[in-house]
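Chemist: Mind looking over this structure? Questions follow.
Residue numbers (our numbering): 13 to 597.
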């Protein structure tokens, strides 16, 4: 963990705060500040390298460190930390319990709640007397409020649906939450509409609730959250900010807590990816691809509505914005074609935000080869069924169009992701962007394909007909990308390869199984090879799925007899998304 602290001249000075030693692969996340901004709580755990830690670690441990400390202190096993607004207390989830402990790690943790669900999304009331939380029961979830004084739970209008994301009103008298109806479509579905999701407001003392608003039928009736920071927040003047794609694009809206029609805050044909509410609750900062679908920028807009103001511009990618506690600065991650994701900040002066400044430029190694990177070109090509597909084209440096090169198609995972004209806010996709840069440096022409089913281009693109197990319509984008490359004078059509990970591994396998005459070789990284096996793992209760026969016909294994091109298959022994059995098959 690093910390950036304000200095006398108004800038920030960054330093390393924690010093865990050894390359053991244990992740750090869920950072949370104490109310006075002097102490951090964080989660450390995950799956370490067993070569370094033969005994492994706990699934997750909570640690605390003050800004003046030289070493963190262990609080206990758990996740979803929430620091009380007053006092030296942190609440967190531990297995099927909610536990409180002293913020400095002293004393013994005390269990407050043990229930039948898996608890999370803890949030304290403004006065620190109650904790709202979500109890996930597998096929449904409940929102509860634990009263520390009464030592009791009040469930907020429980139902068979999935209730999530509780937020408190500023005065602590109400709790709002999102209700997603039972039998909503599961992942990899071609169903755009569902029973409309809704926003509810409850009395945390009685549990009685009323529906504030529900989505229209049709576009936006199926709930879709933002990729990054949550957009569900209680703003100033008793207005609630929420995400919705009622226009066919993911946007931010606000609505009065007393009811009425929602106000669209971010109009236009673009997507919003993450957001944060200002400390005075009057403004929202958000990232979007407004005016430039293959980059992202930070914008600001009043909660009550108005004209959005850009805080970043140019050929950069900026995401995951957060206000500083005084509301005068916005921190975020940013990158471009030649530089990786790194923390940055913009600050106000005279009511206007200034230039972007890196928070920790010293963390970029001197040997980082970004100066040698090529700047990928944005391209759009037509698939055989007519859909227009975006991509990024990497050309070998210094080569002419008269030289024929080997070429590669690349497919990202997800599928609900988007590759950009530079490094990505998500770690794995930054690595894959760097890999495509490496291939270009070795003489390959590379086309990174944002195939249908991905984010960034609206609802119709993200949920296309006959997608995945319902027909594999995205195979059209494989063929369209191949045609785009082989039509170029700088590509050797007999040396066309394909690679991708997870969902991209599925498309790699599909390309090789159905079109070995087009693709000379491939690298299938954690791919899906039989939809029937994966859908059993991912099936949500009541969710509609493709028939077994259609799912099989949409799988690479159904065309295995036509697969003649060589392939390198890679699979992690402990993959938590794609079962290892997919590669065994």
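By construction, the Cβ of each residue, glycine as well, lies at the ideal position given by its N, Cα and C atoms.
1) What residue does the beta strand (DSSP E) around residue 136 start on, and which one ends it?
2) Using three-state DSSP, classify residue 553 as helix, strand or coil.
3) On a CA-only basis, which of 496, 77, 521, 109 is nearest residue 457? Give me that one, please.
4) I'd like the list of long-range same chain contacts for residue 555, defined as Cβ closer than 8 Å, with 5 residues on each side in sequence excluded.
5) Let's see if you can read the secondary structure: which residues bound the beta strand (DSSP E) around residue 180?
6) By DSSP, does residue 183 sit in helix, in strand, or in coil?
7) Going by DSSP in three states, residue 412 sits in which element: helix, strand or coil?
8) Take residue 227 as the anchor and find which of 242, 138, 250, 258 has the nearest alpha-carbon.
9) If you count every other CB in all the chains shown that lies within 10 Å of the CB of residue 25, and 16 or more means buried, which is it?
10) Give me the residue from 128, 131, 124 with the minimum Cα distance to residue 141.
11) Throw me the rounded Cβ distance for the residue 337 and residue 49 pair, which I believe falls under 8 Å.
12) Would a C-beta distance cut-off of 8 Å place residue 566 and residue 543 closer than the cut-off?
13) Residue 144 to residue 533, Cα distance in whole Å?
14) Of all the options 343, 493, 388, 376, which has the alpha carbon lying nearest to the alpha carbon of residue 366?
15) Please state the DSSP three-state secondary structure of residue 273.
16) Where does the unbroken beta strand (DSSP E) through residue 254 begin, and where does it stop?
17) Output the boundary residues of the alpha helix (DSSP H) element that contains residue 564.
18) Please go through the same chain and pick out, in chain order, the residues whose beta-carbon is closer than 6 Å to the beta-carbon of residue 510, but skip the five residues on each side of it.
19) Kindly provide the ranges of any alpha helix (DSSP H) runs that are 4 or more residues long and lie completely inside the stretch 24–59, ordered along the chain.
20) Select from 268, 262, 290, 291 the residue whose C-alpha is nearest the C-alpha of residue 280.
21) What do you get for residue 353, buried or exposed, if any count of 16 or more other CB atoms within 10 angstroms of its CB means buried?
22) Reducing DSSP to helix, strand and coil, say where residue 491 ends up.
23) Taking 8 Å as the threshold (C-beta atoms), are residue 212 and residue 188 in contact?
24) How many Å lie between residue 174 and residue 153 at the Cα?
25) Once you ignore the five residues that flank residue 184 on each side, which residues in its own chain have a CB closer than 7 Å to its CB?
26) How would you label residue 241, buried or exposed, when you count the other beta carbons within 10 angstroms and need 16 or more for buried?
27) Are the stretch 484–493 and the stretch 450–468 in contact at 8 Å, needing three or more beta carbon pairs?
28) In chain order, what residues of the same chain have a beta carbon less than 8 Å from the beta carbon of residue 376, not counting five sequence neighbours either side?
29) Below 8 Å on the Cβ atoms is my guess for residue 55 versus residue 93; work out the distance and round it to an integer in Å.
30) Roughly how many angstroms separate the alpha carbons of residue 455 and residue 409, rounded to a whole number?
31) To which residues of the same chain is residue 583 closer than 7 Å at the C-beta, ignoring the five residues directly before and after it?
32) Mind reading off the beta-carbon distance from residue 481 to residue 547? Whole number of angstroms is fine, and I expect it under 8 Å.
33) Alpha carbon to alpha carbon, how far is residue 425 from residue 513? Give it in angstroms, no decimals.
34) By alpha-carbon positions, which one of 502, 471, 121 ends up nearest to residue 256?
35) Expressed to the nearest angstrom, what Euclidean distance is found between the alpha-carbon atoms of residue 190 and residue 274?
36) Alpha carbon to alpha carbon, what distance is there between residue 429 and residue 401?
Modeler: To lay it out plainly:
1) In the chain shown, counting from the first residue as 1, residue 136 sits at position 124. Run containing residue 136: 130–136, per the beta strand (DSSP E) assignment.
2) Residue mapping note: residue 553 aligns to position 541 of the chain shown, counting from 1. Low confidence applies to residue 553: its pLDDT is 42, below 50, so where it sits in the model is not reliable enough to give any reading.
3) Looking up residue 457 in the chain shown gives position 445. The residue with the shortest Cα to Cα distance from residue 457 is 496.
4) Reading the chain shown from its first residue, position 543 is the one you call residue 555. At residue 555, the pLDDT of 49 sits below 50, so the modelled position is not reliable and the matter cannot be decided from this model.
5) For this step, residue 180 is matched to residue 168 along the chain shown. Start and end: 174–180.
6) Indexing the chain shown from 1 puts residue 183 at position 171. DSSP places residue 183 in coil when its eight states are reduced to three.
7) For this step, residue 412 is matched to residue 400 along the chain shown. Judged by DSSP in its simplified three-state form, residue 412 adopts coil rather than helix or strand.
8) In the chain shown, counting from the first residue as 1, residue 227 sits at position 215. Nearest C-alpha to residue 227: 258.
9) One-based indexing of the chain shown puts residue 25 at position 13. With fewer than 16 other Cβ atoms within 10 Å, it is exposed.
10) Residue 141 sits at position 129 when you count from the first residue of the chain shown. Nearest C-alpha to residue 141: 124.
11) Working through the chain shown from its first residue, we reach residue 337 at position 325. Working through the chain shown from its first residue, we reach residue 49 at position 37. Their Cβ separation, rounded to whole angstroms, is 6 Å, which keeps residue 337 and residue 49 in contact under 8 Å.
12) Here residue 566 refers to the residue found at position 554 of the chain shown. Here residue 543 refers to the residue found at position 531 of the chain shown. In this structure, residue 566 lies near residue 543, with their beta-carbon atoms less than 8 Å apart.
13) For the purposes of this step, residue 144 is taken as the residue at position 132 of the chain shown. For the purposes of this step, residue 533 is taken as the residue at position 521 of the chain shown. Answer to the nearest angstrom: the Cα atoms are 53 Å apart.
14) Walking along the chain shown from the start, residue 366 turns up at place 354. Cα-wise, what sits closest to residue 366 is 343.
15) The residue labelled residue 273 in the question sits at position 261 within the chain shown. Secondary structure at residue 273: coil, using DSSP grouped into helix, strand and coil.
16) On the chain shown, residue 254 is found 242 positions in, with the first residue counted as 1. For residue 254, the enclosing beta strand (DSSP E) has its first and last residue at 251–256.
17) As a first step, residue 564 is located in the chain shown; it is residue number 552 there, counting from the start. Residues 560–565.
18) Residue mapping note: residue 510 aligns to position 498 of the chain shown, counting from 1. Excluding residues within five positions, the ones whose Cβ falls inside 6 Å are 421, 520, 523, 531, 534.
19) Taking 4 residues as the shortest admissible run, the stretch 24–59 contains no complete alpha helix (DSSP H) segment at all.
20) Locating residue 280 in the chain shown gives position 268, counting from the first residue. Nearest to residue 280 by C-alpha distance, out of 268, 262, 290, 291, is 262.
21) Position 341 of the chain shown, counted from the first residue, corresponds to residue 353. Residue 353 should be labelled buried.
22) Position 479 of the chain shown, counted from the start, is the residue given in the question as residue 491. Three-state result, residue 491: helix.
23) Here residue 188 refers to the residue found at position 176 when the chain shown is read from its first residue. Here residue 212 refers to the residue found at position 200 when the chain shown is read from its first residue. Taking 8 Å as the Cβ cut-off, residue 188 and residue 212 qualify as a contacting pair.
24) As a working mapping, residue 174 is identified with position 162 in the chain shown. As a working mapping, residue 153 is identified with position 141 in the chain shown. Cα atoms of residue 174 and residue 153: separation of roughly 5 Å, rounded to the nearest angstrom.
25) Here residue 184 is taken as the residue at index 172 of the chain shown, counted from 1. Correct list, in chain order: 137, 138, 139.
26) Within the chain shown, the letter at position 229 stands for residue 241. Residue 241 comes out buried.
27) The stretch 484–493 is in contact with the stretch 450–468.
28) Here residue 376 corresponds to residue number 364 of the chain shown, with the count starting at 1. Here the set comprises 351, 352, 354.
29) If you number the chain shown from 1, residue 55 lands on position 43. If you number the chain shown from 1, residue 93 lands on position 81. The C-beta separation of residue 55 from residue 93 comes to about 7 Å, placing the pair in contact by the 8 Å criterion.
30) Counting from 1 along the chain shown, the entry for residue 455 is found at position 443. Counting from 1 along the chain shown, the entry for residue 409 is found at position 397. Distance between the alpha carbons of residue 455 and residue 409: 8 Å.
31) Within the chain shown, residue 583 is the residue found at index 571, counting from 1. Residues of the same chain with a CB within less than 7 Å of the CB of residue 583, apart from the 5 flanking positions on each side, are 538, 592, 595 in chain order.
32) In the chain shown, residue 481 corresponds to position 469, counting from 1. In the chain shown, residue 547 corresponds to position 535, counting from 1. So it is a contact: roughly 6 Å between Cβ atoms.
33) Start at 1 with the first residue of the chain shown, and residue 513 comes out as number 501. Start at 1 with the first residue of the chain shown, and residue 425 comes out as number 413. Approximately 6 Å between the Cα atoms of the pair.
34) On the chain shown, residue 256 is found 244 positions in, with the first residue counted as 1. The candidate whose alpha carbon is nearest that of residue 256 is 471.
35) Counting from one through the chain shown, the residue named residue 190 turns up at place 178. Counting from one through the chain shown, the residue named residue 274 turns up at place 262. Take the alpha-carbon of residue 190 and the one of residue 274: they are about 15 Å apart.
36) As a working note, residue 401 is residue 389 in the chain shown. As a working note, residue 429 is residue 417 in the chain shown. Distance between the alpha carbons of residue 401 and residue 429: 14 Å.
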